[in-house]
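Residue numbers (UniProt numbering): 1 to 185.
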(Lines of atoms letter the chains of each structure in order from A; the text may use other names.)
(Lines give C-alpha, C1' and ligand atoms only; values in the text may rest on other atoms or scores of the structure.)
Protein backbone atom coordinates (compact mmCIF):
# COMPACT_ATOMS: atom_id res chain seq x y z
CA UNK A 1 0.00 0.00 0.00
CA UNK A 2 1.23 3.49 -0.73
CA UNK A 3 2.80 5.16 2.30
CA UNK A 4 4.15 2.01 3.91
CA UNK A 5 7.61 0.62 3.60
CA UNK A 6 8.10 -3.11 3.13
CA UNK A 7 8.94 -3.53 6.81
CA UNK A 8 6.43 -4.64 9.46
CA UNK A 9 8.03 -2.22 11.94
CA UNK A 10 5.41 0.26 13.28
CA UNK A 11 7.99 3.04 13.13
CA UNK A 12 8.27 2.68 9.34
CA UNK A 13 5.03 4.53 8.55
CA UNK A 14 5.29 7.42 6.14
CA UNK A 15 4.09 10.53 8.07
CA UNK A 16 2.73 11.97 4.83
CA UNK A 17 0.50 8.93 4.42
CA UNK A 18 -0.87 9.29 7.96
CA UNK A 19 -1.49 12.98 7.37
CA UNK A 20 -3.32 12.35 4.10
CA UNK A 21 -5.60 9.73 5.71
CA UNK A 22 -6.36 12.01 8.64
CA UNK A 23 -7.04 15.07 6.50
CA UNK A 24 -9.37 13.20 4.16
CA UNK A 25 -11.34 11.37 6.87
CA UNK A 26 -11.00 13.29 10.17
CA UNK A 27 -14.17 15.41 9.88
CA UNK A 28 -16.35 12.44 8.92
CA UNK A 29 -15.02 10.21 11.68
CA UNK A 30 -15.19 12.96 14.33
CA UNK A 31 -18.83 13.74 13.44
CA UNK A 32 -19.68 10.04 13.43
CA UNK A 33 -18.30 9.69 16.96
CA UNK A 34 -19.60 13.03 18.27
CA UNK A 35 -23.14 12.17 17.14
CA UNK A 36 -23.02 9.12 19.39
CA UNK A 37 -21.21 10.46 22.47
CA UNK A 38 -22.48 14.09 22.42
CA UNK A 39 -19.32 15.33 24.16
CA UNK A 40 -16.55 17.21 22.33
CA UNK A 41 -13.63 16.11 24.49
CA UNK A 42 -14.72 12.50 24.49
CA UNK A 43 -15.27 12.62 20.72
CA UNK A 44 -11.79 14.08 20.16
CA UNK A 45 -10.18 11.41 22.35
CA UNK A 46 -12.07 8.59 20.66
CA UNK A 47 -11.26 9.98 17.21
CA UNK A 48 -7.55 10.08 18.04
CA UNK A 49 -7.65 6.59 19.51
CA UNK A 50 -9.46 5.38 16.38
CA UNK A 51 -6.62 6.62 14.20
CA UNK A 52 -3.95 5.12 16.47
CA UNK A 53 -5.56 1.68 16.28
CA UNK A 54 -6.45 1.95 12.60
CA UNK A 55 -2.99 3.05 11.49
CA UNK A 56 -1.46 0.08 13.30
CA UNK A 57 -3.73 -2.27 11.38
CA UNK A 58 -3.32 -0.41 8.09
CA UNK A 59 0.44 -0.87 8.37
CA UNK A 60 0.11 -4.62 7.93
CA UNK A 61 -3.09 -4.92 5.86
CA UNK A 62 -4.08 -3.34 2.59
CA UNK A 63 -7.15 -1.14 3.14
CA UNK A 64 -8.27 0.37 -0.15
CA UNK A 65 -9.01 4.13 -0.15
CA UNK A 66 -12.76 3.62 -0.73
CA UNK A 67 -12.86 1.32 2.32
CA UNK A 68 -10.99 3.65 4.69
CA UNK A 69 -14.02 5.51 6.08
CA UNK A 70 -16.12 2.37 6.68
CA UNK A 71 -13.07 0.72 8.26
CA UNK A 72 -12.43 3.74 10.52
CA UNK A 73 -16.13 3.86 11.50
CA UNK A 74 -15.97 0.20 12.49
CA UNK A 75 -12.87 0.81 14.61
CA UNK A 76 -14.57 3.83 16.21
CA UNK A 77 -17.74 1.85 16.99
CA UNK A 78 -15.70 -0.89 18.62
CA UNK A 79 -13.86 1.66 20.76
CA UNK A 80 -17.15 3.31 21.79
CA UNK A 81 -18.65 -0.07 22.68
CA UNK A 82 -15.59 -0.90 24.79
CA UNK A 83 -15.89 2.43 26.57
CA UNK A 84 -19.63 1.96 27.20
CA UNK A 85 -18.99 -1.53 28.59
CA UNK A 86 -16.40 -0.14 31.00
CA UNK A 87 -18.79 2.61 32.11
CA UNK A 88 -21.58 0.10 32.57
CA UNK A 89 -19.36 -2.12 34.71
CA UNK A 90 -18.37 0.84 36.90
CA UNK A 91 -22.03 1.69 37.46
CA UNK A 92 -23.41 4.59 39.43
CA UNK A 93 -23.15 5.27 43.15
CA UNK A 94 -26.59 5.23 44.75
CA UNK A 95 -27.69 4.25 48.19
CA UNK A 96 -28.99 0.69 48.47
CA UNK A 97 -32.21 1.93 50.06
CA UNK A 98 -32.86 4.42 47.27
CA UNK A 99 -34.58 1.99 44.92
CA UNK A 100 -36.34 -1.33 44.78
CA UNK A 101 -34.24 -3.26 42.22
CA UNK A 102 -37.01 -5.50 40.91
CA UNK A 103 -39.44 -2.60 40.38
CA UNK A 104 -36.81 -0.42 38.71
CA UNK A 105 -35.68 -3.18 36.35
CA UNK A 106 -39.21 -4.04 35.22
CA UNK A 107 -40.27 -0.40 34.82
CA UNK A 108 -37.12 0.59 32.92
CA UNK A 109 -37.20 -2.41 30.60
CA UNK A 110 -40.91 -2.17 29.80
CA UNK A 111 -40.71 1.61 29.31
CA UNK A 112 -37.80 1.26 26.87
CA UNK A 113 -39.64 -1.49 24.99
CA UNK A 114 -42.77 0.64 24.76
CA UNK A 115 -40.80 3.66 23.54
CA UNK A 116 -38.96 1.57 20.94
CA UNK A 117 -42.29 0.17 19.69
CA UNK A 118 -43.81 3.66 19.42
CA UNK A 119 -40.79 4.92 17.45
CA UNK A 120 -40.87 1.92 15.10
CA UNK A 121 -44.59 2.47 14.50
CA UNK A 122 -43.94 6.15 13.80
CA UNK A 123 -41.20 5.25 11.30
CA UNK A 124 -43.62 2.85 9.60
CA UNK A 125 -45.97 5.79 8.96
CA UNK A 126 -43.35 7.56 6.84
CA UNK A 127 -43.01 7.06 3.10
CA UNK A 128 -40.41 4.42 2.19
CA UNK A 129 -37.99 7.09 0.89
CA UNK A 130 -38.33 9.19 4.06
CA UNK A 131 -37.79 6.17 6.28
CA UNK A 132 -34.67 5.17 4.33
CA UNK A 133 -33.20 8.67 4.70
CA UNK A 134 -33.93 8.74 8.46
CA UNK A 135 -32.44 5.27 8.92
CA UNK A 136 -29.29 6.06 6.94
CA UNK A 137 -28.70 9.58 8.27
CA UNK A 138 -29.79 9.31 11.89
CA UNK A 139 -29.79 5.68 12.91
CA UNK A 140 -26.73 4.56 10.94
CA UNK A 141 -24.81 7.87 10.96
CA UNK A 142 -24.17 8.25 7.23
CA UNK A 143 -23.31 11.68 5.85
CA UNK A 144 -25.60 13.53 3.43
CA UNK A 145 -23.20 12.69 0.59
CA UNK A 146 -23.08 9.00 1.49
CA UNK A 147 -26.88 8.84 1.78
CA UNK A 148 -27.29 10.63 -1.55
CA UNK A 149 -24.95 8.15 -3.20
CA UNK A 150 -26.72 5.12 -1.72
CA UNK A 151 -30.17 6.38 -2.72
CA UNK A 152 -28.94 7.81 -6.05
CA UNK A 153 -30.26 11.31 -5.26
CA UNK A 154 -28.89 14.84 -5.01
CA UNK A 155 -27.55 15.97 -1.61
CA UNK A 156 -30.03 18.85 -1.47
CA UNK A 157 -32.87 16.43 -2.07
CA UNK A 158 -31.66 14.25 0.83
CA UNK A 159 -31.66 17.28 3.15
CA UNK A 160 -35.23 18.18 2.13
CA UNK A 161 -36.47 14.61 2.55
CA UNK A 162 -34.79 14.37 5.96
CA UNK A 163 -36.27 17.68 7.11
CA UNK A 164 -39.79 16.69 6.05
CA UNK A 165 -39.45 13.22 7.56
CA UNK A 166 -38.30 14.64 10.91
CA UNK A 167 -41.19 17.12 10.91
CA UNK A 168 -43.63 14.26 10.29
CA UNK A 169 -42.03 12.16 13.02
CA UNK A 170 -42.25 15.07 15.46
CA UNK A 171 -45.97 15.44 14.71
CA UNK A 172 -46.60 11.70 15.01
CA UNK A 173 -44.61 11.37 18.24
CA UNK A 174 -45.64 14.66 19.90
CA UNK A 175 -48.67 13.34 21.83
CA UNK A 176 -46.78 10.20 22.86
CA UNK A 177 -43.57 11.91 24.02
CA UNK A 178 -45.54 14.37 26.14
CA UNK A 179 -46.86 11.43 28.15
CA UNK A 180 -43.30 10.08 28.58
CA UNK A 181 -42.30 13.29 30.34
CA UNK A 182 -45.29 12.98 32.70
CA UNK A 183 -44.27 9.46 33.69
CA UNK A 184 -40.80 10.66 34.72
CA UNK A 185 -42.03 13.57 36.85
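Think of the CB as a built atom: it goes at the ideal place given N, C-alpha and C, for glycine as much as any other residue.
Range of the contiguous alpha helix (DSSP H) that encloses residue 138: Against the chain shown, residue 138 aligns to sequence position 138. Premise fails: residue 138 is in no alpha helix (DSSP H) and is neither H nor E.
Rounded straight-line distance, which links the Cα of residue 120 to that of residue 110: In the chain shown, residue 110 corresponds to position 110, counting from 1. In the chain shown, residue 120 corresponds to position 120, counting from 1. Residue 110 and residue 120: Cα-Cα distance of roughly 15 Å.
For residue 124, the three-state DSSP class (helix, strand or coil): Taking the chain shown and counting its residues from 1, the one referred to as residue 124 is at position 124. It is helical.
For residue 171, the nearest candidate out of 21, 126, 41 (CA to CA): Walking along the chain shown from the start, residue 171 turns up at place 171. Measuring from the Cα of residue 171, the nearest candidate turns out to be 126.
Contact test: residue 141 Cβ vs the ligand PLP heavy atom, cutoff 8 Å: You won't find the ligand PLP in this model; it holds no ligand whatsoever.
C-beta contact flag for residue 18 and residue 55 at 9 Å: For the purposes of this step, residue 18 is taken as residue 18 along the chain shown, with counting starting at 1. For the purposes of this step, residue 55 is taken as residue 55 along the chain shown, with counting starting at 1. Yes, they are a contact pair.
For residue 14, three-class secondary structure by DSSP: Translated into positions along the chain shown, residue 14 becomes position 14. It is coil, neither helix nor strand.
Residue interval of the alpha helix (DSSP H) (run including residue 144): In the chain shown, the residue the question calls residue 144 occupies position 144. Per DSSP, residue 144 belongs to the alpha helix (DSSP H) from 144 to 151.
Exposure of residue 169, with buried meaning 16 or more beta-carbon neighbours within 10 Å: On the chain shown, residue 169 is found 169 positions in, with the first residue counted as 1. Counting Cβ neighbours within 10 Å, residue 169 comes out buried, since at least 16 surround it.
Same chain, Cβ closer than 8 Å to residue 150, neighbours up to 5 away in sequence not counted: As a position in the chain shown, residue 150 is number 150, starting the count at 1. 136, 142, listed in sequence order.
Nearest neighbour of residue 175, chosen from 139, 50, 122 [CA to CA]: Walking along the chain shown from the start, residue 175 turns up at place 175. Per the Cα distances, 122.
Collapsed DSSP secondary structure at residue 64 in the structure displayed: Here residue 64 refers to the residue found at position 64 of the chain shown. Three-state DSSP puts residue 64 in coil, outside helix and strand.
Rounded separation between residue 131 and residue 15 - CA only: Your numbering for residue 131 matches position 131 in the chain shown. Your numbering for residue 15 matches position 15 in the chain shown. Those two C-alpha atoms are separated by around 42 Å.
Touching by the beta-carbon criterion (3+ pairs, under 8 Å), the stretch 64 to 79 and the stretch 20 to 27: yes
Rounded separation between residue 75 and residue 124 - CA only: Numbered from 1 along the chain shown, position 75 holds the residue referred to as residue 75. Numbered from 1 along the chain shown, position 124 holds the residue referred to as residue 124. Between residue 75 and residue 124, the C-alpha separation is close to 31 Å.
Euclidean distance between Cα positions of residue 42 and residue 20: Residue 42 sits at position 42 when you count from the first residue of the chain shown. Residue 20 sits at position 20 when you count from the first residue of the chain shown. Distance between the alpha carbons of residue 42 and residue 20 is about 23 Å.
Residue 85 to residue 156 span [Cα, whole Å]: The residue labelled residue 85 in the question sits at position 85 within the chain shown. The residue labelled residue 156 in the question sits at position 156 within the chain shown. Cα-Cα distance, rounded: 38 Å.
CB contact flag (residue 80, residue 52, <9 Å): On the chain shown, position 80 is the one that residue 80 refers to. On the chain shown, position 52 is the one that residue 52 refers to. Contact flag unset, no.
Buried versus exposed, by CB contacts within 10 Å (16 or more), residue 139: Position 139 of the chain shown, counted from the start, is the residue given in the question as residue 139. Classification of residue 139: exposed, given that the 10 Å Cβ count is below 16.
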